[in-house]
Each structure stands twice: as structure tokens, then as C-alpha cells.
Amino acid sequence: MDSREQRAAQIADRFRIVESNGQFFVPSQNLADKKYAVRIGKNSSFCDCPDFELRQEPCKHVMAVKLTIQRELNFDEQKRLQRQLKLQDRLSERRIRKNGRRTMRHR
Ligand SMILES: [Zn+2]
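Written out as C-alpha cells, the structure is:
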């Protein structure tokens with residue numbers, strides 16, 4: 005993990021990233037009250053910070069937004085999986101009662 009990724013993770017951990025009209029507003033780590041506007045596109049992303057303007061490559065703000073989106077997706081996915089597992093548990097309990105023993109199958 006390089007330091008830009010670490011800083012992106014710090015931003016995603018510490019700050020609330022606000023979305024509005026398809027833009028994400030990421031608070032600056034160095035300047036109070038400063039927010040950078042990030043747009044995430046399918047093929048390219050944009051940020052209006054000096055780092056992005058200079059390098060034209062994903063900066064820590066773009067990475068922080070992507071991290072936040074990923075975490076939210078993961079959260080939903082986890083809830084979905086948990087529901088699914090509970091359902092499977094219930095189904096296999098029923099099967100155990102029926103068969104009297106649990107049969108394990110390995111793929
Ligand atoms: Zn930026």
C-alpha cells in the first residue's frame with residue numbers, strides 16, 4: 005500500500021463524504037472548510053484539487069470516494085449474505101431433522 009492509498013483510507017475513515025448531483029465532496033486533510041469536488045466516471049474520474057490537476061491521475065480524494073462506495077456496497081452485500089446464510093441454516097436444520105443426521109458435501 006503506498007502512502008497515497010493510506011491517506012485515501014484515512015480520509016474515508018475520518019470524514020463524511022457527501023454526494024450531491026453526482027459529485028462527491030471530500031473534505032481537505034490540510035485546509036479546514038475546504039472541500040474538493042470529485043466525479044467518478046466509468047473510465048475516468050476527476051477531482052478539482054491541485055494534485056489531480058498536476059498529475060491527471062486518481063488522487064487521494066478520488067480513491068477515498070471509491071473506498072467509501074466500496075464499503076457501502078460491501079455493507080449491503082454483507083447484509084444480503086447474512087440473510088441468505090440464515091435461510092440456509094434454517095433449511096439445513098429442517099433437512100437434519102428429516103434425515104436424522106447431517107451430510108457434509110465438499111466441492
Ligand atoms: Zn483530489
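Be aware that the sequence shown starts at 5, since it is given in our numbering, and climbs by one per residue. The beta-carbon is built from N, C-alpha and C at its ideal position, and this holds for glycine as well.
{"Query": "Within 10 angstroms of its Cβ, does Phe56 collect 16 or more other Cβ (buried), or is it exposed?", "Result": "buried"}
{"Query": "With 9 Å set as the bound, which would you pick, yes or no: does the beta-carbon of Glu81 sit closer than that to a beta-carbon of chain C?", "Result": "Here chain C cannot be found, since the structure has a single protein chain."}
{"Query": "What residue ranges within the stretch 32-68 form continuous alpha helix (DSSP H) runs of no fewer than 4 residues, ordered along the chain?", "Result": "54-59"}
{"Query": "So Arg8 is in the alpha helix (DSSP H); what residue range does that whole segment cover?", "Result": "Ser7 to Arg18"}
{"Query": "Ignore the nearest five residues each way along the sequence and tell me which others in Val22's own chain have a CB closer than 6 Å to its CB.", "Result": "Phe29"}
{"Query": "Should the stretch 42-56 be called in touch with the stretch 68-78, which here means at least 3 C-beta pairs below 8 Å?", "Result": "yes"}
{"Query": "CA-CA distance, Arg8 and Pro31?", "Result": "16 Å"}
{"Query": "Return the CA-CA distance between His65 and Arg20, expressed in angstroms with no decimal places.", "Result": "12 Å"}
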